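Okay, so here's the structure we're looking at.
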Amino acid sequence: MTPEWVQTATAILGAVGALGGLGGAVAAFSQRKKARADAADVITDASLALIEPLKARVAELEIEVNDLRRWRAHVQAVIFTPTITVQEIRESVRYPQARNGRH
Amino acid sequence: MPHRQPVRVVTGRHPFEVAVLAASPLAAAAMMATNTRPRSVSEGMDNAVMVGWEVGLILAGLIALVGVWWPGKIRNSLAIERVGVLLLGAALSMYVVVVFASAGTGAIVAGGFVGALALASWVRLAQIWKDLRKLDAARHGHIVHVPVVAEPGGRP
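The listed protein sequences derive, respectively, from chains A and B.
The opening residue of the first sequence carries number 1 in this note's numbering; numbering runs sequentially from there.
The opening residue of the second sequence carries number 1001 in this note's numbering; numbering runs sequentially from there.
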C-alpha cells in the first residue's frame, strides 16, 4: 500500500540513528576515560610541585641536624674535664681531711 | 594572563525537552506492551525496522534523560545527552516519513508536531555538538555558578 521508498527511507534513518548512537556512546566513554586521565595528570603534577619544596627543606634540616649533633659531641667533650674538676673540688670542700679528694 | 570568556552551555533541563524525552520511552513501552502500532508504522516499516524503532525510542528517552540529569562533569552529561537526542531525532524522523506517506494531508497535525520535535532534536544535537567543542577549546576551565543577573529592586 505504501510505496517502496518509505521502507527504504525508514531503514536508512534507523541505521543512521543506530550507528550514530553507537558512535556517540563510544565517544562518550572514551571522553570519560580521557577526562579521568587528565585529572590524574593534573593531580600528579600538583603533588610533585607540592613535594619539591618539602624535599629541599628536609635536606636543609638534615644538614642542620648533623651540624648540631657534631656541635653537641664537641661541647660534651669540652665540658667533660671541667665537670670532673668541679666534682673533685666539691668533694675536697666537703671532706677536707680526705686525701686526693676522695674518702 | 590572556583574556578569557566564560563558556556558556545550553542546558537540556527544559520542560519541552524533558517532556518529550519522558514521553518517548513511555509511548514505545506502551506500544510494545499492548502490541499495538499505528497503522502507518506497521505498513511503512519492515518488521525488524519497527522493532528497532521502538527500542530506539525507549533508549533515546532513557539515555537523554540520564544525560540531562547526569550528576558528574558537564562534558559527560552533554556527551550522553547527545546519544539520546540523536536516537530521538532518527526515530521521530522515521515516524514523520511513514505518517505522511500513509496519510498524506491527513497527517498534518500528527506529522507536523512530531516533525517539529524531530527538527528540534536535530537542532539540539547541533547545539550540544557546538557546546562540546567550546568546552574542548577551554580545556582547563572550571564551572562557575553565576548569580541571577536581574534582581528585584535592581536596574532592569
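We put the beta carbon where it would ideally sit given N, CA and C, even for glycine.
Since this is a predicted model, take the numbers as computed values, not measurements.
Quick one: is residue i buried, meaning 16 or more other Cβ sit within 10 Å of its Cβ, or exposed?
i, result
"B/Val1020", "buried"
"B/Phe1016", "exposed"
"A/Ala28", "buried"
"B/Met1050", "buried"
"B/Ser1102", "buried"
"B/Glu1054", "buried"
"B/Ser1077", "buried"
"B/Gly1115", "buried"
"B/Ser1121", "buried"
"B/Gly1106", "exposed"
"B/Ser1024", "buried"
"A/Tyr95", "exposed"
"B/Arg1075", "buried"
"B/Glu1081", "buried"
"B/Arg1124", "buried"
Looking at the structure shown, is residue i part of a helix, part of a strand, or coil, going by DSSP?
i, result
"B/Lys1073", "coil"
"B/Asn1035", "coil"
"B/Leu1006", "Looking at the sequence itself, residue 1006 of chain B is Pro, so the reference to Leu does not match. B/Pro1006: coil per DSSP, three-state reduction."
"B/Ala1023", "helix"
"B/Arg1082", "helix"
"B/Thr1011", "coil"
"B/Ala1028", "helix"
"B/Glu1017", "helix"
"B/Ala1090", "helix"
"B/Val1101", "Sequence check: residue 1101 of chain B is Ala here, not Val. Three-state DSSP puts B/Ala1101 in a helix."
"B/Met1001", "Only weak support exists for where B/Met1001 lies, its pLDDT of 45 falling under 50; the coordinates are left without a value."
For the ligand MG, is there a heavy atom less than 7 Å away from the beta-carbon of residue i?
i, result
"B/Ile1108", "This structure lacks the ligand MG; in fact it carries no ligand of any kind."
Can you name the start and end residues of the alpha helix (DSSP H) that residue i belongs to?
i, result
"A/Asp38", "4 to 94"
"B/Asp1131", "1108 to 1137"
"B/Ala1048", "1047 to 1068"
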